[in-house]
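These notes are about the structure you will find just below.
Okay, structure coming up:
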């Protein structure tokens, strides 16, 4: 039988009524002739509640017990979904991660997949079961302990099962009806995309778009899993939502497919750093060890008096998430105290935002940067930092101009119109 993977996020299974609604969608796919693997998240808000209980009980908690507690939310949803399907006369069985077993590394709360054996689920399908409901977000370590995959891990679970079982498609049901050219709450002209390439979706996810978890898109791209993002709260058919697929499936793309943004950015500048071989490694090595996610990097070279003689010095600027500023500051101050690096001052600006344009069409079209910069200049938006890749241009700007910049860029590239 053809196989389909369907994943339902927390808002899609927030209560019994929504679980029943999701189960109806699963039943419809069974009636179309599919065997179905359903991946479920915990009911909306449940994971936060469980995390809170752990932190109240043990501020310096054992990561193994943290995973044991936090993973329980998905177990509840899986059992309720299987029961609901059984009440609809759909042969279904629930599975926890260790029962499959979903084999992962031992890195608790951030485990990665090692293997998903097919034998147990294949045997149940052969017995006549039509649906396997699997608890997302969790697995089992080589030591036999429960592990979790980090926030958004149920998306990654779904893609991993689709890859392991050779599914026709992986449908991600959420509270939005697809992937848009930008956030519709900011740009009223935002348009839902019928298709988007893996590379574009990966950039949008990493740049702040919350539709799909970044690791899930990476996995889908590696194993060529066709992903579909669609709403749990609308009637859907085979053409609903947005298909995330290989570039070859898209006949002709716009130069730019979407505008992404992230408001939780900070700009950090090390003033008067000695410009010599190895200084970048001396700066970013401690930041990496401290777990700071550095993004945009700019180095400015100037000639000035340094340490009593005229020499070459530089200012080094980089961006990182605002919630990592304290960690970055400590790492740099510790490195300075240890004599690893020298700098006169550390200037931090937490009132910035990152805005990016993304599109595979940028590979073969010139002038994207000029159009972007002209649009921002027309709105008197000053650019602080620029970073580029083959299919992306990102700028750091004052946060108060973020929404204006998103709207201006959406208009400049006429993203409201279809191809």
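In the UniProt record's numbering, the protein residues as written are 1 to 419. Even for Gly, the Cβ is constructed at its ideal location relative to N, Cα and C. Owing to the predicted nature of the structure, the values given are computational and were not obtained by experimental measurement.
- In this structure, residue 78 and residue 134 form a Cβ contact; the two beta carbons are roughly 7 Å apart against a cut-off of 8 Å.
- The beta carbon of residue 275 sits closer than 7 Å to the beta carbons of 301, 312, 313 and 314 from its chain, once the five residues preceding and following it are set aside; these are given in chain order.
- Taking each of 285, 296, 281 and 255 in turn and checking the Cα distance to residue 266, the smallest one comes out for 296.
- Here the C-alpha atom of residue 375 lies approximately 6 Å from the C-alpha atom of residue 412.
- Note: residue 172 is bridge-paired with 7 and 229 in the DSSP secondary-structure output.
- Under the Cβ criterion (8 Å, minimum of three pairs), the segment 116-126 does not count as touching the segment 44-56.
- Taking the Cβ atoms as the reference, residue 36 lies roughly 6 Å from residue 6, within the contact range of under 8 Å.
- Ranked by Cα distance from residue 181, the options 372, 358 and 56 are led by 358.
- Taken through DSSP and simplified to helix, strand or coil, residue 374 comes out as helix.
- For residue 283, the enclosing alpha helix (DSSP H) has its first and last residue at 279-289.
- Leaving aside the five residues that flank residue 283 on each side, the residues in its chain whose CB is nearer than 8 Å to its CB run, in chain order, 270, 273, 316, 332, 335 and 341.
- With respect to the 8 Å criterion, residue 230 and residue 175 are not classified as neighbours on the basis of their beta carbons.
- Here residue 291 really is in contact with residue 327; their C-beta atoms are around 7 Å apart, less than 8 Å.
- Closest in C-alpha terms to residue 153, from the list 11, 137 and 166, comes 137.
- Bridge partners of residue 116 according to DSSP: none are assigned.
- Assignment of residue 300 by DSSP, reduced to helix, strand and coil, places it in the strand class.
- Taking the Cα positions, residue 163 is about 11 Å away from residue 227.
- Out of 390, 404 and 364, the CA that lies nearest to the CA of residue 382 is found in 404.
- If you check the CB distance, residue 116 and residue 160 come in under 8 Å.
- Under the three-state reduction of DSSP output, residue 361 falls in the helix class.
- When rounded, the separation of the alpha-carbon atoms in residue 250 and residue 417 is 16 Å.
- Non-local beta-carbon contacts of residue 193 in its own chain, meaning distances under 8 Å to residues more than five positions away in sequence, involve 178, 179, 180, 181, 242, 257 and 258 in chain order.
- Annotation: the continuous beta strand (DSSP E) that includes residue 273 extends over 258-274.
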